[in-house]
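In our numbering, the protein residues as written are 220 to 300.
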């Protein structure tokens, strides 16, 4: 029962946070953060275009990719109400 409750709470938290982020325009520009009606296609396309430009111009490229699977683990649930 504990695992099901945890999944339910995470789902509710994700829904509430996404609703707040989308409604208040907290995330702007290329910050998607898994919002509803958004996909990974656009940010990947942007990175791909940048890489192509860098290769053509023979410049140095430093790229940092972060996967933050525990981003919401420490969000105060009262903030999302």
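Where a beta carbon is used, it is the ideal one built from N, C-alpha and C, also for glycine.
If you're wondering where the values come from, they're calculated on a predicted model, not measured in any experiment.
Item: Reduced DSSP category for residue 232 - H, G, I as helix; E, B as strand; rest coil; Value: helix
Item: Where residue 275 falls: helix, strand or coil (DSSP); Value: helix
Item: Pick from 284, 222, 256, 270 that is closest to residue 238, judged by C-alpha positions; Value: 256
Item: Close Cβ partners of residue 227 (< 8 Å) along its chain, the five nearest in sequence each way excluded; Value: none
Item: Residue 280 beta carbon less than 7 Å from that of residue 273; Value: yes
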